[in-house]
Structure formats: structure tokens, C-alpha cells
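**Q** First the structure, which I've put down as C-alpha cells, then a few questions once you've had a look.
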Amino acid sequence: MCEHLLRNNRPVVQEFQSEERLYYAFNAEIVEEEGRRIVPADAIKVSYCSISVNRSQFSKPEDLYCIKKFVGFGILAWKKCELPIGELKSDNPKAAKYEFVLSHEPLDDNYAHSEFQFYKNGTFKRSTRLPDLLERLKIRMALSEIAVIHKEPTL
Amino acid sequence: MAGVALKKSYTDMGTIGEKKFHLSKFRARQLEKSNLYFRVTESDSPGLNVKFVDSEFASIQNLAEYSDVFRKLEVLEDDWDAYGSEAPARSAITNARKFILFLGETNFKPDRIAASPEGGVSISYFREKKTFMIEILNSGDVSGVKSDGEGSISAEHFIIEHYDSVSLEPIYQNIDRHLWD
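Residue numbers (the working numbering), protein chains in the order written: chain Z, 13 to 167; chain A, 1497 to 1677.
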């Protein structure tokens, strides 16, 4: 069922179309407020210097369920052209500079795998935590506001 | 002593029970600006004791309304989001309850209480495009992030030594200004 996701020596493709979607699995209830469906910022985990997503050029949203731990989760989608790519704004001039990068990072069993990567002062270290809690909060809020709900969780 | 909550017009609002609730000066100031409710209790001495109770009344309702949410938070396990997040600690849940009890005014009823992926409890308020989210973390840290929904997002740490009116008043004012100004 998920064989189409296998990489099979396909190349890395770093070009993303502006309308391309990035899919993210989440486990949180959606809020309805004044007729508006809100993606809460607590639905998005920003902890490490990268966030895993699947890109629409090589997958469908429900392909996230090929990853067993995501079965029953909801799916959010971001449009590439709406992502805050580039240097992230900060109110604190002394704070480290963070840059938001979108990168295709295919895995052997998931060719569509891509990442939102956060470069700190020009350096990217995948396995390190984003050290500043306030930056993490702001990134979560920013991403929640531009996310579109593709599917609500059924858990 | 029997307790009865009465509106300013002395319309009966129902019994709120025997329990007495402390009313801080800060609450009293809030009530002066708000739609006033009183609590009238019979006393051994002649006459009635009249106290403002609007906030406490709303707070009790809030806690009751969110009891299911808190019960769910209490039984969450680590990695509840499949991204490795810690479950909310007992201390974070207790502090979140206190936070809601204090900010029980009608206008400050939270729109959402949920587990935070940072490890802790997340409390969100939404009004039109605006959002204010407080995170009460397992570490004891408390942070807030607010957005006007038009691209302006800022975050700050809050110092809370005790969950009382003195420590929580700045947060209350911050939420108030952001959502209603």
C-alpha cells in the first residue's frame, strides 16, 4: 500500500513549487470559535531544529498513515508560498538569528519526507534542541496561523 | 449560613452553596468595573453580609466545565503526540487549575485547555483574529505568546512565585489589553 513512497534511488529535489503542500500529522482537537476553525498552536511540536513533513509533489496527505504511529491523527497542510521562509523576525536585537529553510530530505521508506529546518546564526544541527523557548512558541504560533486542516484526528 | 448569589438588581441567581471564597482587592477592583453580582449570606448578627462574588461564581463554573479536560490531562502518557512530548506533570495541572480559578471572569474563560508539546498545560484565548496562549510547564516556567492574527507575534516569560492575585495580575492585564483593546 505504501510502496510508492519507497525512495528506490530517486534523487533529492530541492525545488518546491509555490503551491506545493507540506503535510504534518497532529494529535489535538480543533477549536471552533465564532464559526472559524482554528488550529491551536499546541497542535504543533517545535522542539528540535527540524520538523518532519511530507511534500505533496511525491505523496498524498493520507500517506502519513504509512507511519503507524500517526494512524488516527489529524493532518495539517501548509502551502509552500505561505511559509515564513528566510530570517525569522525577533523583537530582541541581541537574540540569535534564526533562519527558516524548507528542505527535501528523502528517507529510504519515505521519498516525500521533507523538513522545516531552523538555522541558528547560519548553522544547522538536526539533533539539537532549539534552545529558546520563546522562539519555539512564536514559531508554533506562526505555523498554526497559516496551517489548513486537511483532516481532523479520529482518536 | 445559607449563601445566595444575587445580581445587582437583586434578581435571584441561585444558590452557590455553603462554601466561602476569599475575595482579593484585585478581584474587588475587577468587579467594580464589571457587571456586578453579590453574594448575600445570613449572619448571626443582625442584617445580611453582602459580598461581591461574580468572579468566584464564574470560576467555580469554569472549573466544573473543564473538569473533563483536566481528567484527560491527568491520564495522558509521555509521547502523547508521537513526537516525544512529555505528559503534563501533576504540578503543572494543579497550577493550571489555580490559574483558571483566578481568571474566572466571564471575559477570561479559556477557549481551550490542552497538553503542551513543551511538556505542561496550554491555555488559549481567542477573540476575532487575536490569540493569547499561556503555557504552564512541567519545569515551573510560565510563558505566553500572543498574536494579532495579522503577522505580529510576540512571546514573553512570566514570573509567578505564587498563584495569587499579585503574581497573576500582570498576566491578566496582558490578556485583557491584547484581546480587548
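The C-beta atom is built at its ideal place from N, Cα and C for all residues, glycine as well.
Name the DSSP bridge partner or partners of residue 88/Z?
**A** 36/Z and 161/Z
**Q** Which value, in whole angstroms, describes the spacing of the CA atoms of residue 114/Z and residue 1659/A?
**A** Those two C-alpha atoms are separated by around 41 Å.
**Q** Can you round the beta-carbon distance between residue 95/Z and residue 112/Z to whole angstroms, since I take them to be within the 8 Å contact cut?
**A** 7 Å
**Q** Where does residue 153/Z sit, in a helix, a strand or coil, going by DSSP?
**A** helix
**Q** Can you tell me which of the three DSSP states residue 30/Z falls into?
**A** Three-state DSSP puts residue 30/Z in coil, outside helix and strand.
**Q** So for residue 25/Z, helix, strand or coil by DSSP?
**A** coil
**Q** Please state whether DSSP places residue 129/Z in a helix, a strand or coil.
**A** strand
**Q** Give me the Cα-Cα distance between residue 55/Z and residue 100/Z, rounded to the nearest whole angstrom.
**A** Annotation: residue 55/Z to residue 100/Z spans about 21 Å, alpha carbon to alpha carbon.
**Q** Would you please verify whether the beta carbon of residue 1654/A is less than 8 Å from any beta carbon of chain Z?
**A** By this cut-off, residue 1654/A is not an interface position.
**Q** What does residue 95/Z reach in chain A if we use C-beta pairs closer than 7 Å?
**A** Chain A residues near residue 95/Z: none, gap ~14 Å exceeds 7 Å.
**Q** Can you list, in chain order, the residues of its chain with a C-beta nearer than 8 Å to that of residue 167/Z? Leave out the 5 residues immediately preceding and following it.
**A** Around residue 167/Z: 39, 84 and 85.
**Q** Where does residue 1627/A land, buried or exposed, given buried means 16+ other C-beta within 10 angstroms?
**A** buried
**Q** With a Cβ-Cβ cutoff of 8 Å, do residue 1639/A and residue 1652/A count as a contact?
**A** yes
**Q** Can you tell me the Cβ-Cβ gap for residue 53/Z and residue 156/Z, rounded? I've got them flagged as a contact below 8 Å.
**A** 4 Å
**Q** Is the beta carbon of residue 1609/A sitting closer than 8 Å to the one on residue 1565/A?
**A** Cβ distance < 8 Å, so residue 1609/A and residue 1565/A count as in contact.
**Q** Considering only DSSP beta bridges, list what residue 1629/A is partnered with.
**A** Its beta-bridge partners are 1620/A and 1641/A.
**Q** Measure the Cβ-Cβ separation of residue 78/Z and residue 17/Z and say whether it is below 8 Å.
**A** yes
**Q** What does DSSP give as the partner residues of residue 1649/A in its beta bridges?
**A** 1643/A
**Q** Use the C-beta contact count for residue 118/Z: other C-beta atoms within 10 angstroms, 16 or more gives buried, fewer gives exposed.
**A** Classification for residue 118/Z: buried.
**Q** Are the Cβ atoms of residue 163/Z and residue 87/Z separated by less than 8 Å?
**A** yes
**Q** Relative to chain A, which residues along the region 36-47 of chain Z have a C-beta separation below 8 Å, given in chain order?
**A** 37, 38, 39, 40, 41, 43, 45 and 46
**Q** Ends of the beta strand (DSSP E) at residue 110/Z?
**A** 110-116
**Q** Whose C-alpha, out of 1573/A, 1567/A, 1579/A and 1570/A, is nearest the C-alpha of residue 82/Z?
**A** Nearest C-alpha to residue 82/Z: 1579/A.
**Q** Between the beta-carbon of residue 1569/A and the beta-carbon of residue 1596/A, is there less than 8 Å?
**A** No, these two residues do not count as a Cβ contact at 8 Å.
**Q** Could you spell out the range, first to last residue, of the alpha helix (DSSP H) harbouring residue 1567/A?
**A** 1563-1571
**Q** In chain A, which residues lie less than 7 Å from residue 52/Z when you measure between Cβ atoms?
**A** 1608, 1610 and 1620
**Q** How is the beta strand (DSSP E) around residue 45/Z delimited, first residue to last?
**A** 43-45
**Q** For the alpha helix (DSSP H) containing residue 138/Z, name the first residue and the last one.
**A** Premise fails: residue 138/Z is in no alpha helix (DSSP H) and is neither H nor E.
**Q** Using three-state DSSP, classify residue 70/Z as helix, strand or coil.
**A** Residue 70/Z sits in coil when the DSSP states are folded into three classes, being neither helix nor strand.
**Q** Going by beta carbon distance, what residues of the same chain come within less than 6 Å of residue 1641/A, once the five residues before and after it are set aside?
**A** Excluding sequence neighbours, residue 1641/A sits near 1629 and 1651.
**Q** With 9 Å as the C-beta to C-beta threshold (strictly closer), list the residues of the region 104-133 of chain Z near chain A in chain order.
**A** none
**Q** Assign residue 67/Z to buried or exposed, taking buried as 16 or more other Cβ atoms, counted over all protein chains shown, within 10 Å of its Cβ.
**A** Answer is buried; the Cβ neighbour count reaches 16.
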